[in-house]
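Participant: With the numbering used here as the guide, the letters of the sequence shown map in order to residues 32 to 609.
Ideal placement from N, C-alpha and C gives every residue a C-beta, glycine not left out.
Remember, predicted model here, so these are calculated numbers, not experimental data.
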Amino acid sequence: MNDRYDAGHGADGGGAPYELVGYDEYGRPVYRQATDQQTQHHQQAQQAQQYDAYQQQGHQGYGYDPYATGGHQQPGYDPYGTGSVPPQQPQTPAYGSYDPYGTQQQGGQPSQQGAPYDPYGQSAHTGQQPRVTEQTAHIPQQPGPADDDPAGTVPDYRTEQFAFVEEPDGDSEDVIDWMKFTENRTERREEAKRRARSRIVALAVVLALVAAGGVGYLWYAGKLPGLSDSGAGTGTTTAAGAQKRDVIVVHLHDTTGGGTTTALLVDNTTTEQGTTVLLPNSLALTADDGATTTLAKSVEDDGSEGTRTALDTVLGTDIEGTWRLDTPFLLTLVDLVGNIEVDTDTDVPDPDAKKGEAPLVKKGKGQTLSGKMAVAYATHRGSGEPQNAQLERFGQVMHGVLRKMTSDPDAATLTVQTLGQILEPPLTDKDLGDFLARLSDRAKGGDHKSALLPVQDDGTLTAEASDSVVKDVLGGTAKSPDENAAVSVSVRNATGVKDHTEKARVVLLNGGFTFRAAGTAAAPEATSEVVYADAADKENATEVAKTLGLDAGSVTKGKVTGNARVSVVLGQDYDPGS
């Protein structure tokens, strides 16, 4: 068993004190022999003092020689009882003599036979010690607690005697990687939170827009509480002004007998009601040049574009397109849908049949009409009948066509394309097909009707028209004639000279009047005539006569023609140069 105090024997049987130089990889201290001579002398003196104190206490040294071989003995001690005490003199210790503190006797010389055993690795107390060659650092047993050493020989280490060596940290790269990982994970979490917040904000904005759009639609449709009123006869409680309508104007051109018939096809998408508004040809409109004209004259002179604009102005509507339907196309359309059923109000003769033959269309309910019969019925105007009678027959034919039309938009578009007609921009085949399909669905469900626009004799709109048709059906506002508007004057040429009509037109326009052509008389008349119907227009009639250079006696009260406030018949007494 090793003694914890037998640290490091040298090659010569002795040892030098050790000093701490660091720690190994297991945390154990590493020592090496001290080479400082002063440090050795100091330790030798300290050990000598400890040994003297031990001798004074009366202890027998470890150098006791029971065989009296020359080892160190206590004074006056005779191991064999001879009674003689050998004198104390320095002797050479025997080989292998035991010296517990590794010191020589006073004045002694080191033994030539062998070096004394020094358990502390120190030389004898006296005498100059030879310089010991520095040895490789030795790791002795660590000293035990101080109370186990009665002599107090455990070295007293101080803090400044230790040198701490910073060992390289092999895990530093792992620590850095771990820090980077945790930092990246934190950044990813923060980025995920930011994305989540962005999605929440975007979702809130979308929901707000949807809600606003829904409220706006309800407001536009008049379905919000407090914004609706009862719509008698329309099956809706939505305010008329807030309803959405699609409007197309259709002109039926009679290619055989001449003349036109006009109607507005209205699809109210809010109330899901369809209406065909019949427009009399006598409806007063404003021409492109500001002159007052009639609907029939506008279709003939201004064409589709000018007439649509004039209708929007007088009715307050927004017509999306014009459908010019010539009678041959109407015939084909009825044949394509498979004939129609109409409650006819009169017999219609066959224009190609001889006199006395059976009528082409018979009067009665639920009459089946082919394409040829439908055209004949839609354009028929009996002797002495007003134009409104023929207009209502055209409305009946259109209602029958819509009821037999397909409700599928694609099929309806194909039907329109099969007609082979050229539509006027911006109306397209698909637009017209989709529109007719929707109206067909209304007609089949009983949600389609015809309405005649009431017009006065002078072509202006009545209050009844403004309330029942213009406001409720069209959602517009009738434009009443302005009190300061130019006075409309219809002129009929009875002079026998064709150019006098144009000269009268120029004179009246320069005088601030609105010119309306009333045609040419079949035979010339000798005197001119200026007629007014309303007493309030007497002064206007007098002014018209003066402007044309006619005698004031030509002004009379009577019936005014041509939807004008003043009617003029130019006789042979009219002198354009006057």
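#1: Quick check: does the Cβ of A554 come within less than 7 angstroms of any heavy atom belonging to the ligand NAD?
#2: Would you decide whether G395 is buried or exposed? Buried here means 16 or more other CB atoms lie within 10 Å of its CB.
#3: Roughly how far, in whole angstroms, is the beta-carbon of A482 from the beta-carbon of V504, given that I think they are within contact range, below 8 angstroms?
#4: Buried or exposed for Q427, please, with buried defined as at least 16 other CB atoms from any protein chain shown within 10 angstroms of its CB.
#5: Within its chain, find whatever has a CB closer than 7 angstroms to the CB of V232; leave out the 5 residues flanking it on each side and keep chain order.
#6: Please report how far the alpha carbon of R523 lies from the alpha carbon of T551, in whole angstroms.
#7: Do V599 and S575 count as a contact pair if the criterion is CB distance below 8 angstroms?
#8: What's the C-alpha gap between V518 and T545?
#9: Taking the beta carbon of T449 as the centre, do at least 16 other beta carbons fall within 10 Å, making it buried, or is it exposed?
#10: Considering Cα atoms alone, identify which of E533, E336, G53 and P359 is closest to D349.
#11: Using a threshold of 8 angstroms, state whether the C-beta atoms of L470 and L422 are closer than that.
#12: Among D604, L234 and G305, whose alpha-carbon lies nearest the alpha-carbon of M429?
#13: State the Cα-Cα distance for the pair D604 and T325, rounded to the nearest angstrom.
#14: Buried or exposed, going by whether 16 or more other CB atoms sit within 10 Å of the CB of L234?
#15: I'd like to check one pair, V278 with V297: are the Cβ atoms closer than 8 angstroms?
#16: Below 8 angstroms on the Cβ atoms is my contact criterion, and I expect G402 with T363 to pass it. Report the Cβ-Cβ distance as a whole number of Å.
#17: What did DSSP end up calling I231 once you bin it into helix, strand or coil?
#18: Return the CA-CA distance between R226 and R219, expressed in angstroms with no decimal places.
#19: Between which two residues does the beta strand (DSSP E) containing V597 stretch?
#20: Report yes or no: do three or more beta-carbon pairs, one from the region 309–319 and one from the region 342–360, lie closer than 8 angstroms?
#21: Identify whether P106 lies in helix, strand or coil by the three-state DSSP scheme.
#22: Would you decide whether L539 is buried or exposed? Buried here means 16 or more other CB atoms lie within 10 Å of its CB.
#23: Should A553 be labelled buried (16 or more other beta-carbon atoms within 10 Å of its own) or exposed?
#24: Kindly indicate which residue of T302, T300, T375 and H284 has the alpha-carbon position closest to the one of G334.
#25: I need the straight-line Cα distance from A564 to S585, nearest angstrom please.
#26: Could you tell me whether the Cβ atoms of L484 and L356 are closer together than 8 angstroms?
#27: According to DSSP, G305 sits in a beta bridge with which residue or residues?
#28: May I have a chain-ordered list of the alpha helix (DSSP H) segments no shorter than 4 residues that lie completely inside the region 408–435?
#29: Beta-carbon within less than 7 angstroms of A327's beta-carbon, same chain only, minus the 5 sequence neighbours each way: which residues are those?
#30: Taking all protein chains shown into account, do 16 or more other C-beta atoms lie within 10 angstroms of the C-beta of N541, making it buried, or fewer, making it exposed?
#31: Name the DSSP beta bridge partners of Y62, please?
#32: Consult DSSP for Q398 and reduce its assignment to one of helix, strand or coil.
#33: So, helix, strand or coil for E222, using DSSP?
#34: Between the Cα of P607 and the Cα atoms of N571, K461, H531 and R596, which residue gives the shortest distance?
#35: Helix, strand or coil for A549, going by three-state DSSP, please let me know.
#36: Please tell me whether G352 and D374 are closer than 8 angstroms, where the distance is taken between their beta carbons.
Facilitator: To lay it out plainly:
#1: Looking at this structure, you won't find the ligand NAD or any other ligand, since it has none at all.
#2: Burial call: exposed.
#3: Confirmed, Cβ separation roughly 6 angstroms.
#4: buried
#5: none
#6: 6 angstroms
#7: Correcting the residue identity first, residue 575 is Val in this sequence and not Ser. Yes; because the gap between Cβ atoms is below 8 angstroms, this pair is in contact.
#8: 6 angstroms
#9: exposed
#10: Closest option to D349, judged by alpha-carbon separation, among E533, E336, G53 and P359: E336.
#11: no
#12: G305
#13: 29 angstroms
#14: Exposed is the label assigned to L234, since fewer than 16 other Cβ atoms lie within 10 Å of its Cβ.
#15: yes
#16: 6 angstroms
#17: helix
#18: 10 angstroms
#19: V597 to L601
#20: yes
#21: Interpretation of P106 is limited by its pLDDT of 44, a score under 50 that renders its predicted location unreliable; the figure taken from the coordinates is listed afterwards. Coil, per DSSP.
#22: buried
#23: exposed
#24: From the listed residues T302, T300, T375 and H284, the smallest Cα separation to G334 is found for H284.
#25: 14 angstroms
#26: no
#27: According to DSSP, G305 bridges with D298 and H479.
#28: 418–435
#29: Within the same chain, A327 has close Cβ partners T291 and N312.
#30: exposed
#31: L51
#32: strand
#33: helix
#34: H531
#35: Strand.
#36: Taking a C-beta distance under 8 angstroms as the contact criterion, G352 and D374 do not qualify as a contact pair.
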